Each structure stands twice: as structure tokens, then as C-alpha cells.
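**Student:** Chains as they are written, first to last, in the working numbering: chain A, 7 to 116; chain B, 193 to 359. Every residue, glycine too, gets a C-beta built ideally from N, C-alpha and C. Computed from a predicted model, the values in this text were never measured in an experiment.
1. For residue 238(B), count the other beta carbons within 10 Å of its own beta carbon; 16 or more makes it buried, fewer makes it exposed. Which is it?
2. Just to confirm before moving on: does the CB-CB distance between residue 272(B) and residue 246(B) stay below 9 Å?
3. For the region 247 to 274 of chain B, which residues have a beta carbon sitting closer than 9 Å to at least one beta carbon of chain A?
4. Assess contact between the region 220 to 234 of chain B and the region 298 to 311 of chain B, defined as three or more Cβ pairs (one per stretch) separated by less than 8 Å. Is contact present?
5. For residue 292(B), go through chain A and note every residue whose CB falls closer than 7 Å to its CB, in chain order.
6. Look up residue 315(B) in the DSSP assignment and say whether it is helix, strand or coil.
7. Please list, in chain order, all residues of the same chain as residue 207(B) whose beta carbon is under 7 Å from its beta carbon, the five residues on each side excluded.
8. Using only the alpha-carbon positions, how far apart do residue 43(A) and residue 316(B) sit?
9. Is the region 243 to 260 of chain B close to the region 320 to 336 of chain B, with three or more CB pairs under 8 Å?
10. Judging by CA-CA distance, which residue of 226(B), 209(B), 261(B), 215(B) is the nearest neighbour of residue 311(B)?
11. Is there a C-beta anywhere in chain B that falls below 9 Å from the one on residue 49(A)?
12. Please report whether the beta-carbon of residue 91(A) lies at a distance below 9 Å from any beta-carbon of chain B.
13. Between residue 37(A) and chain B, is there a C-beta pair that is closer than 9 Å?
14. Tell me which residue opens and which closes the alpha helix (DSSP H) that residue 330(B) is part of.
15. Answer with buried or exposed for residue 339(B), where buried requires no fewer than 16 other C-beta atoms within 10 angstroms of its C-beta.
16. State the DSSP-derived secondary structure class of residue 43(A), mapped to helix, strand or coil.
17. Between which residues of its own chain and residue 287(B) is the CB-CB distance below 6 Å, once the five residues before and five after are set aside?
18. Note down, in chain order, all residues in the region 13 to 40 of chain A with a beta-carbon under 7 Å from any beta-carbon belonging to chain B.
19. Does the CB of residue 278(B) have a neighbour CB from chain A at under 9 Å?
20. Is the CB of residue 113(A) under 9 Å away from at least one CB in chain B?
21. Looking at residue 280(B) and residue 363(B), is the spacing between their C-beta atoms short of 9 Å?
22. Starting from residue 289(B), follow the alpha helix (DSSP H) in both directions and report where the run begins and ends.
23. Could you tell me the alpha carbon to alpha carbon distance between residue 277(B) and residue 298(B), rounded to whole angstroms?
24. For residue 16(A), count neighbouring Cβ atoms within 10 angstroms of its own Cβ and tell me buried if that reaches 16, exposed if not.
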């Protein structure tokens with residue numbers, strides 16, 4: 007008697023392709039994370055050897071010492087948040103102008 | 193469509209005029225320059241998304257508010273905004289992510305003073321060679337906050353992108 011839900015070759019192939027695509031997409035991110043926790047030499051050597059080595063935080067300390075991460079992060083946070091908050095302001099003022107023009111029988115702005 | 197078509201142009205096409213404008217205004221390597229550019233570069237997406245979300249609000253509700261004597265401002269403040277706050281929030285989230293990930297303008301308009309994390313990452317690609325560990329470390333620190341933020345707000349982000357998809 008045939009099983010209720012036979013696993014067809016097509017399904018296996020599709021699953022394999024899906025996993026392959028997923029790995030391709032996430033490989034750079036995984037490589038990045040692994041390399042970030044390596045020392046300079048291991049990182050330079052490449053990811054394959056780096057995987058086996060113990061993960062360390064030394065590079066994070068070096069990066070922080072060389073360039074102030076928080077200053078750059080602060081700049082980015084301020085610019086992205088303020089620009090995000092500024093946009094609805096533009097839009098709301100545009101929308102109000104649009105509404106006023108429409109109510110007065112003028113031409114809509116967008 | 194006109195608003196969206198402005199996003200079709202490659203950013204590098206506007207680099208020289210924007211750079212000259214920023215230089216003339218004394219805004220090079222300032223946060224204000226980046227805020228202005230980020231705001232304007234993502235404005236078309238915001239207009240498109242908010243337009244879709246506000247279009248979903250039934251017209252009858254607005255008519256009812258007008259029948260009750262609501263002014264334009266009251267209509268907006270008490271009817272449109274409460275109903276469309278989800279769309280505004282989703283759009284804000286997406287624009288925050290886009291602004292965070294913006295690298296082109298950050299690299300070209302800023303240096304040490306107002307440099308963002310993109311500038312920090314780029315500084316590890318020096319003529320002496322690539323420092324993979326440090327480069328990866330800086331990249332990891334740059335993407336970590338926004339990945340965590342995106343993970344927790346993915347539902348709202350997807351919702352924001354699918355406004356008006358189903359009528």
C-alpha cells in the first residue's frame with residue numbers, strides 16, 4: 007500500500023534548491039559574523055580556518071580603540087531618525103495644502 | 193508615478209550638483225547635509241506608501257466627518273490620522289531602515305566629523321590592503337542594531353509594503 011503523503015523527487019529537489027538559495031543568500035552574513043570574532047591573522051586567512059578557531063572579542067576592542075564607534079553610530083542615529091521624522095512633516099504639510107486647494111476648487115498637488 | 197520615477201535615476205547622477213550645493217552652503221561634513229539628502233532621497237517612497245495607506249480609508253468616513261461639521265484640520269487630526277497611524281508608523285520604519293543603510297551619500301558628503309557607520313566601514317579598506325577581521329567587525333557592529341530592529345518590526349514592515357495590495 008502506498009503511503010498517504012509520498013515524498014516525491016520533485017519535492018526533494020525543490021527543498022534542496024530552496025536550501026541552496028538560502029545558504030547562498032546568508033553565506034556572506036555568516037562569513038561576516040564569523041570573521042568579526044577572529045583575530046587579525048585568522049581573519050586575513052579566510053573563513054574556512056576561522057570557523058574552527060575560538061571566537062574572540064579582541065577585534066572589537068581594536069576597532070573601538072582605532073576609531074570611536076559610538077561617534078559614528080551617533081551620527082547615523084541622529085541623521086536617520088531626524089530624516090525619518092522630517093518626511094511625515096513634509097507629507098502632512100503637502101497633504102494639508104492639497105486638501106486646502108481641493109476644498110477651494112484648485113488643482114491638487116499630487 | 194512621477195514621484196516614484198525620481199527614484200529610477202542613479203544617485204551618482206545627482207552627486208556633483210548636490211556636492212556643489214552642499215559645499216556652497218557650507219554643509220559638507222555636517223549632519224544637516226545628510227539629514228536633508230536622506231529626507232529627500234526617500235521622500236518618493238514615503239509619498240507612495242502613505243498615499244496607498246490613506247487611499248484605503250473609506251471616503252464615507254470623511255464625508256460623515258464633514259457632515260458633522262469638521263474642518264479640514266479636524267478631519268485630518270481626528271479622522272485621518274488615527275485611522276492611518278499604522279501606515280505612518282510602517283512607512284517610518286521602512287524609511288528609518290533605508291536611511292540607516294544609506295552609504296553612497298554618507299561616503300561622499302561626510303568625512304571624520306559627521307561620518308556615519310558606512311564611513312567607518314570604508315575606512316578599513318585602505319590602500320595597504322583589506323583588514324578582513326576589522327572590516328567584518330565594523331560591518332557587524334554597523335548592521336547589528338538595524339538587524340535586531342528589523343527582526344522585531346518585520347510584521348509592521350511587511351504590512352507597510354502591502355498597503356493597497358488587496359481591495
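**Tutor:** Looking at the atomic coordinates:
1. The residue you call residue 238(B) lines up with position 46 of the second chain. Around the C-beta of residue 238(B), 16 or more other C-beta atoms lie within 10 Å, and the residue is accordingly described as buried.
2. If you number the second chain from 1, residue 272(B) lands on position 80. If you number the second chain from 1, residue 246(B) lands on position 54. Cβ distance < 9 Å, so residue 272(B) and residue 246(B) count as in contact.
3. 264, 265, 267, 268, 272, 273
4. Taking 8 Å as the limit for Cβ pairs, the verdict is that the region 298 to 311 of chain B does touch the region 220 to 234 of chain B.
5. For this step, residue 292(B) is matched to residue 100 along the second chain. Per Cβ cutoff of 7 Å: 82, 86.
6. Within the second chain, residue 315(B) is the residue found at index 123, counting from 1. Residue 315(B) sits in coil when the DSSP states are folded into three classes, being neither helix nor strand.
7. Along the second chain, one-based indexing puts residue 207(B) at 15. In chain order, 300 place their CB closer than 7 Å to the CB of residue 207(B), counting only its own chain and leaving out the 5 sequence neighbours on each side.
8. Looking up residue 43(A) in the first chain gives position 37. Looking up residue 316(B) in the second chain gives position 124. Their backbone Cα atoms lie some 16 Å apart in a straight line.
9. They do not touch, by the three-pair rule.
10. Your numbering for residue 311(B) matches position 119 in the second chain. When only C-alpha atoms are compared, the closest one is 226(B).
11. Here residue 49(A) corresponds to residue number 43 of the first chain, with the count starting at 1. Note on residue 49(A): pLDDT 49, under 50, position unreliable in the model; no value is reported.
12. As a working mapping, residue 91(A) is identified with position 85 in the first chain. In terms of beta-carbon proximity, residue 91(A) lines the interface with chain B, with at least one pair separated by less than 9 Å.
13. In the first chain, counting from the first residue as 1, residue 37(A) sits at position 31. In terms of beta-carbon proximity, residue 37(A) lines the interface with chain B, with at least one pair separated by less than 9 Å.
14. Mapped onto the second chain, residue 330(B) falls at position 138. Where residue 330(B) is concerned, the enclosing alpha helix (DSSP H) stretches over 324 to 344.
15. Counting from one through the second chain, the residue named residue 339(B) turns up at place 147. Looking at its Cβ environment, which holds fewer than 16 other Cβ atoms inside 10 Å, residue 339(B) is exposed.
16. Residue mapping note: residue 43(A) aligns to position 37 of the first chain, counting from 1. In the structure shown, residue 43(A) sits in coil (DSSP, three-state: anything other than H, G, I, E or B).
17. Locating residue 287(B) in the second chain gives position 95, where the first residue counts as 1. Taken in chain order, the residues that qualify are 234, 238.
18. Answer in chain order: 38, 39.
19. Counted from its first residue, the second chain places residue 278(B) at position 86. Judged by the 9 Å Cβ criterion, residue 278(B) is not in contact with chain A.
20. The sequence position of residue 113(A) within the first chain is 107, counting from 1. Residue confidence for residue 113(A) is low, a pLDDT of 47 falling below 50, so the modelled location carries little weight; the figure read from the coordinates is stated next. Under the 9 Å criterion on CB atoms, residue 113(A) is classed as non-interfacial with respect to chain B.
21. This structure cannot speak to residue 363(B), because chain B is shown only from 193 to 359.
22. Along the second chain, read from residue 1 onward, the residue named residue 289(B) stands at position 97. Segment 273 to 293, the alpha helix (DSSP H) holding residue 289(B).
23. As a working note, residue 277(B) is residue 85 in the second chain. As a working note, residue 298(B) is residue 106 in the second chain. Their Cα atoms are separated by approximately 30 Å.
24. Here residue 16(A) refers to the residue found at position 10 of the first chain. Exposed, because fewer than 16 other Cβ atoms sit within 10 Å of the Cβ of residue 16(A).
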